[in-house]
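There are 2 protein chains.
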Amino acid sequence: MVSYREKKVIPIGTVSELTGLSVRQIRYYEERKLVVPERSKGGTRKFSFEDVDMLVEVANKMEDGMQTYEIHKMREREKKQISKEKMREEMLKGQLNVQFNRHRPPS
Amino acid sequence: MVSYREKKVIPIGTVSELTGLSVRQIRYYEERKLVVPERSKGGTRKFSFEDVDMLVEVANKMEDGMQTYEIHKMREREKKQISKEKMREEMLKGQLNVQFNRHRPPS
DNA sequence: CGTGTAAGGAATTCTGACACG
DNA sequence: CGTGTAAGGAATTCTGACACG
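Structure, rendered in structure tokens:
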């Protein structure tokens, strides 16, 4: 179950401890769209463990001299790549259905 | 990996939302040893997803008219039962080692 | 016993800005 | 660009206590 990993429940101070990043850095990375926390009614940020992992990755790339906008571009490219792969997969499935199930309607 | 499930990172207000319990109830259940959150340096409670699940169980049992000390006793019994089973298991493993490895010392 | 609530205070977080490099 | 910091304020949480049933 990935549900725990994706649930936004961790306050920024705890994220700071988990990642070793300052809260200033975390807020800045949010500004640059590298993480997208949820907000409580009062406006406090809530992060997921997935976000924590993303932030650690960001930290590593920053250490390697990469800039936030580069990391952002890279993420966007990855997203496109993944959705492209999924579309190909779906089309393949469709083809297989045509091949083998043309005369047998889905139950 | 159960690591996400066991990590204490969720503040009490969020736990309240996740469980439907009031913060008062959650604090009381802690007092009765039904959950054991960690504390930040400043003293704020931090719960795990496991704690959240425990609290939901507690809520169900309370609805069934069970009292906190009964739930606590039940938990203690379960712990003992589990450690007893683990001991038996260990002893069985030991016996098997005697049977088959008596003359072959562990590598 | 279990839970709501008002009280006073402390810890946590928020935003916008200035600074530095 | 990326990050520290002081500023002022708001949201969150804490404890101990009184109330009710």
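Sequence order for the protein chains is B and A. Under numbering that gives the first Met the number 0, the first residue of the first sequence carries the number 0, and numbering increases by one thereafter. Under numbering that gives the first Met the number 0, the first residue of the second sequence carries the number 0, and numbering increases by one thereafter. The C-beta atom is built at its ideal place from N, Cα and C for all residues, glycine as well. Keep in mind that this is a model prediction, so the values were computed, not measured.
Under 7 Å between beta-carbons, which chain B residues line up against residue i? List them in chain order, please.
i	result
Ile25 (chain A)	Chain B residues near Ile25 (chain A): none, gap ~14 Å exceeds 7 Å.
Could you list which residues in chain B have their beta carbon closer than 9 Å to that of residue i, in chain order?
i	result
Arg76 (chain A)	What Arg76 (chain A) touches in chain B: nothing, since even the nearest Cβ is about 28 Å away.
Thr18 (chain A)	Within chain B, no residue comes near Thr18 (chain A); the closest Cβ sits about 12 Å away, beyond 9 Å.
Is the CB-CB distance between residue i and residue j below 7 Å?
i	j	result
Val51 (chain B)	Val14 (chain B)	yes
Ala58 (chain A)	Leu20 (chain A)	yes
Arg31 (chain B)	Thr67 (chain B)	yes
Glu49 (chain A)	Arg4 (chain A)	yes
Ile70 (chain A)	Lys85 (chain A)	no
Pro10 (chain B)	Pro10 (chain A)	yes
Tyr28 (chain B)	Val34 (chain B)	yes
Lys6 (chain B)	Ser47 (chain B)	yes
Is the Cβ of residue i closer than 7 Å to any Cβ of chain A?
i	result
Glu56 (chain B)	no
Val34 (chain B)	no
His102 (chain B)	Low confidence applies to His102 (chain B): its pLDDT is 49, below 50, so where it sits in the model is not reliable enough to give any reading.
At least one CB of chain B closer than 7 Å to the CB of residue i: is that the case?
i	result
Arg44 (chain A)	no
Thr67 (chain A)	no
Ser15 (chain A)	no
Who are the neighbours of residue i on chain B, taking C-beta pairs under 8 Å?
i	result
Arg4 (chain A)	Tyr3
Ile9 (chain A)	Val8, Ile9
Can you tell me where the alpha helix (DSSP H) with residue i in it begins and where it stops?
i	result
Val35 (chain A)	Looking at the DSSP string, Val35 (chain A) is not in any alpha helix (DSSP H), and its letter there is neither H nor E.
Lys60 (chain B)	48-62
Leu17 (chain A)	11-18
Arg31 (chain B)	That residue, Arg31 (chain B), is in no alpha helix (DSSP H); it is neither H nor E in DSSP.
Ser2 (chain A)	2-5
Run through the DSSP bridge pairs and tell me what residue i is partnered with.
i	result
Arg44 (chain B)	B:Arg38
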